[in-house]
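Just so you know, the sequence shown maps onto residues 2 to 313 in this note's numbering.
Where a beta carbon is used, it is the ideal one built from N, C-alpha and C, also for glycine.
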Amino acid sequence: MNAENSDFIPAPAAPASAGDSPGVAIRWAREALGLTLDELAAQTKLARTTLDALERDDYGSLLEPVYVRGYYRKCAKVLNLPEQQLLLAYAARVTPKSPQAPAKLRLGTGADMGGGRSWRGLLGIILIVAIAGTAIWYLREKQQSSQQSIVPLPESTAPGTDAPASVPANSPQGVNDTGAPAAAGDVNVAPADAPITASAATTSPAAPVPSAPAASPQTAATTGETATASDSALKLNFVSISWARIEDANGKVLLNRVVQGGERQVLDGTPPYSVFLGNAPGVEAEFQGKPVDFKALIRDTATARFTVPLAR
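And the structure:
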């Protein structure tokens, strides 16, 4: 396929501090698609001033965060941007307001305030201390009364009387199959705090607990690589945010979106690959185990168009 695709509009150059800015990503994607702010406003149903504030990361001109997150979702849907990455970048930039500490209580002396106000303040402090002391005394009395309450054990069943309906769990008597207390000698129940001997242990051994499977050393979803990548795969390492579009020799689009810094993509197709990068200085390429040196092909706008393998 011809690398110079006439219907594809290149993205603008990336500023040095564009790292994690959601506004820069929205502006790149909009300009790469050839859309004006008015056209994007018509597609997202958002005001032009709102979109302008989003692209400038001017959060002071926007509404509450719950509405701003909805704006990012609409822009991500129209511009084919990763919605979750936009929301995370926005959350990292918006810090919640810290609560203000209450003003300190200033206790004046008789020298700087009248005698009447001084006595009223002193009486107020004495009243607060008295209420606090009463509350502490009440809580202690309630705790002691709860600790001293004892649940009486049921008396032994006399001959000729009916058996009680139930026996407490901490009673020294056992319980037979009918629910009535067992006679002496029928059941030998050990106290709750008695040590368990080997004879009291169960005869059947416990089933072994299966060990958890070992975690895979690499996760393809996070690294962008696959375990079955062929030797003809094109590997791209995005050091910083960039717009990228890659097609293989069959015209199949392997990548076409804004890629955040730190991502690594392994594109397995049919070479040669047609590559367009919006922020070319922030991307590293590798093909067949060797780095692809395309620095000489980077334009003044920081964009680059080339094929891999490079034509000689």
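Continuous beta strand (DSSP E) stretch holding residue i: start and end
i	result
arginine 313	Here arginine 313 belongs to no beta strand (DSSP E), and DSSP marks it neither H nor E.
lysine 236	235–239
leucine 278	274–278
leucine 268	265–268
glutamate 285	284–288
Helix, strand or coil at residue i [DSSP, three-state]
i	result
glutamate 248	strand
arginine 300	coil
leucine 108	Any reading at leucine 108 needs caution, since the residue's pLDDT is 49, under 50, leaving its predicted position unreliable; the model's value is listed next. Correct three-state label for leucine 108: coil.
valine 293	coil
valine 79	helix
arginine 57	coil
threonine 308	strand
serine 146	helix
serine 62	helix
aspartate 178	Reliability fails at aspartate 178, whose pLDDT of 48 lies under 50, so the model's placement of it is uncertain and the value that follows must be treated cautiously. Coil at aspartate 178, not helix or strand.
serine 243	strand
alanine 48	coil
aspartate 39	helix
serine 119	helix
threonine 135	helix
proline 155	At proline 155, the pLDDT of 48 sits below 50, so the modelled position is not reliable and the matter cannot be decided from this model.
alanine 230	coil
Beta-carbon proximity list for residue i, same chain, < 6 Å, skipping 5 on both sides
i	result
tryptophan 244	Ala12, Trp29, Ala33, Val259, Gly279
alanine 312	none
glycine 161	With a pLDDT of 46 at glycine 161, under the threshold of 50, the predicted position of this residue should be treated as unreliable, and no value is reported.
leucine 298	Ala305, Phe307
glutamate 84	Arg74, Ala77
arginine 141	none
glutamine 261	Gln86, Ile242
Reference residue i; option with closest CA among the options
i	options	result
valine 284	Arg306, Trp120, Pro273, Thr271	Arg306
tyrosine 91	Arg74, Gln145, Val309	Arg74
asparagine 257	Leu80, Leu88, Tyr139	Leu80
threonine 308	Phe277, Leu64, Ala77, Thr37	Phe277
arginine 265	Pro273, Phe239, Thr271	Phe239
aspartate 59	Asp232, Ser22, Leu123	Ser22
glycine 263	Pro292, Gln86, Ser275	Gln86
arginine 246	Ser275, Ala43, Leu55	Ser275
glutamine 242	Tyr139, Lys291, Leu82	The identity of residue 242 in the sequence shown is isoleucine, whereas the question assumes glutamine. Ranking Tyr139, Lys291, Leu82 by Cα distance to isoleucine 242 puts Leu82 first.
alanine 26	Leu89, Lys143, Gly125	Leu89
glutamine 271	Glu287, Val254, Gly35, Ala286	Per the sequence shown, the amino acid found at residue 271 is threonine instead of glutamine. Out of Glu287, Val254, Gly35, Ala286, Val254 has the C-alpha closest to the C-alpha of threonine 271.
Chain-order list of residues whose beta-carbon lies under 7 Å from that of residue i (same chain, five-residue window excluded)
i	result
arginine 57	Gly24
proline 273	Ala250, Thr308, Val309, Pro310
arginine 316	Lying outside 2 to 313, the shown extent of the chain, residue 316 is not represented and no answer is given.
aspartate 39	Arg49
proline 66	Val95
aspartate 232	Gln289
glutamine 1	Residue 1 cannot be examined here, being either before or after the span of the chain that is shown, 2 to 313.
Where the alpha helix (DSSP H) containing residue i begins and where it ends
i	result
leucine 255	Unbroken run through leucine 255 is the beta strand (DSSP E), 254–260; no alpha helix (DSSP H).
valine 95	Element bounds for valine 95: n/a, residue is neither H nor E.
alanine 26	23–33
Nonlocal neighbours in the same chain, by C-beta distance under 8 Å from residue i, ignoring five residues either side
i	result
threonine 50	Ser62
proline 292	Glu285, Ala286
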